[in-house]
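Enquirer: In short: position in the sequence shown from 1, add 187, done, that's the numbering used here.
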Amino acid sequence: MTAPPRPWYRPMVARRADEEHRASTPLELLFDLCFVVTVAQAAAGLHHSLSEGHVAIGVARYAAVFFAIWWAWMNFTWFASAYDTDDGIYRVTTLVQIAGGLVMAAGIARIFDHADFRVVVGGFVVMRLAMVVQWLRAASADPQRRPAARRYAAGITIAQMCWVGYQFFPAALAVPGFVFFALVEMAVPIIAERASPTTWHPEHIGERYGLFTLIVLGESVAAASTAIQTGLGAGSGLVELFGLAASGLVVVFGMWWVYFDQSGKRGLDELTASMKWGYGHLAVFSAAAAGLGAGLQVAVDGLRHDAHLPALTVGLAVTVPIALYLLSVWILMIGPTRRELSAQLFPVAAVLVLAGSVTPVPVTVAAVVLAALVLVRLASSR
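Listed below in structure tokens is the structure:
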């Protein structure tokens, strides 16, 4: 007689890459929603740094924080696409990762205020060691892909030892040390997948990245709404704030449109292309999330004369994330080799958005450019 299934344990065998109707699970959605907290903290830290005139330091610290957010999210997402057993052990291990993410969120302010990475590194290490447990389970139950799973487990463990040691680096080596250890982290999947590629699901991965794009765009809306509410409470000009709010909303709508106008799954069934696509989304996420959100908040601060920045820098705080987003979507999801007018207009639109930085209304210029790009794409699709 066959033993009844045990909901707390199932062998972690690879899921099929051609599974039909593969969609995000409630646990994956909970994972994403908890990461909203970390994204919001990164946005707040960048906003305050920019408004106070600490542009270089703020951007550098934001880059470090967002790398940790993106990398932890991405590693879980690709693993879950290949090995989501949804048993009790898998759920508990994932909840530990979520707890580590919330610890990261609690420590982000300390990075921006005091350059203190200890809490964020602690939360990150918790998340990554939980991934080691997941990969060891996969190595035990999936002999065909055991070499890759073991490489993942070993590589992640070594990387976490590096991050712990990073806390003892002198200040002069902080930046090169971070860059080197980040490259160590990013090398792990490249090395591991060459041994025996895991069976991620292309459509599932496309959906997961699309959902996270929605989350980071939503963070931009939330950040801008909070800033405008603050401006109204401080008695700022209603006409100026209304114009900024309307333009910011058009910008977010346009960014949503140009991303989801693409299939989002091209090349995800091939290793090299999927690596480029997955890694390249760092620019999409970081620009659409805290980048744009913080920029819109700085623009409101500029209207209230609370930003300790020249007008050009205030404009760049908004236009650089938008331009980076447009170029990233063009490279990753359309392809620079495509010759259609609507495709080639993406870099032109990015340049025009940046040019709007020298005008008194950079957000309005960006809104007009994005609206025009959407209209051209609509006309060309007929």
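By construction, the Cβ of each residue, glycine as well, lies at the ideal position given by its N, Cα and C atoms.
Bear in mind that the values here come from a model prediction, so they are computed numbers and not experimental data.
Do residue 507 and residue 486 have their beta-carbon atoms positioned less than 8 Å apart in this structure?
Expert: no
Enquirer: Taking the C-alpha atoms as reference points, what is the distance between residue 368 and residue 354?
Expert: 12 Å
Enquirer: Residue range of the alpha helix (DSSP H) that residue 280 falls in?
Expert: 275 to 301
Enquirer: Check whether the Cβ atoms of residue 307 and residue 343 sit closer than 8 Å, and answer yes or no.
Expert: No, these two residues do not count as a Cβ contact at 8 Å.
Enquirer: In whole angstroms, what separates the C-alpha of residue 213 from that of residue 497?
Expert: Cα to Cα, the separation comes out at about 46 Å.
Enquirer: Please check the pair residue 430 and residue 411, which I expect to be a contact at CB under 8 Å, by giving their CB distance rounded to whole angstroms.
Expert: Between residue 411 and residue 430 the Cβ distance is about 13 Å, and since that is not below 8 Å, they are no contact.
Enquirer: How many Å lie between residue 199 and residue 371 at the Cα?
Expert: 27 Å
Enquirer: Rounded to whole angstroms, how far is the Cβ of residue 536 from the Cβ of residue 565, which I believe are closer than 8 Å?
Expert: So it is not a contact: roughly 14 Å between Cβ atoms.
Enquirer: Give me the Cβ distance between residue 475 and residue 403, rounded to the nearest whole Å; I'm assuming they're in contact under 8 Å.
Expert: 5 Å
Enquirer: Can you tell me the Cα-Cα spacing of residue 222 and residue 314, whole angstroms?
Expert: 12 Å
Enquirer: By the 10 Å Cβ neighbour count, where 16 or more other Cβ atoms means buried, how is residue 206 classified, buried or exposed?
Expert: exposed
Enquirer: Taking 8 Å as the threshold, find out whether the stretch 249 to 257 comes into contact with the stretch 320 to 339 through three or more Cβ pairs.
Expert: Taking 8 Å as the limit for Cβ pairs, the verdict is that the stretch 320 to 339 does not touch the stretch 249 to 257.
Enquirer: Starting from residue 197, trace the alpha helix (DSSP H) in both directions and tell me its first and last residue.
Expert: That residue, residue 197, is in no alpha helix (DSSP H); it is neither H nor E in DSSP.
Enquirer: Roughly how many angstroms separate the alpha carbons of residue 338 and residue 218, rounded to a whole number?
Expert: 25 Å
Enquirer: Between the stretch 224 to 239 and the stretch 277 to 293, can you find at least three pairs of beta-carbon atoms closer than 8 Å?
Expert: yes
Enquirer: Buried or exposed: where does residue 220 fall if 16 or more other Cβ atoms within 10 Å of its Cβ makes it buried?
Expert: Residue 220 is exposed by the Cβ-count criterion.
Enquirer: Looking at the unbroken alpha helix (DSSP H) that takes in residue 543, where does it start and where does it end?
Expert: It is not in any alpha helix (DSSP H) - residue 543 carries neither H nor E in the DSSP assignment.
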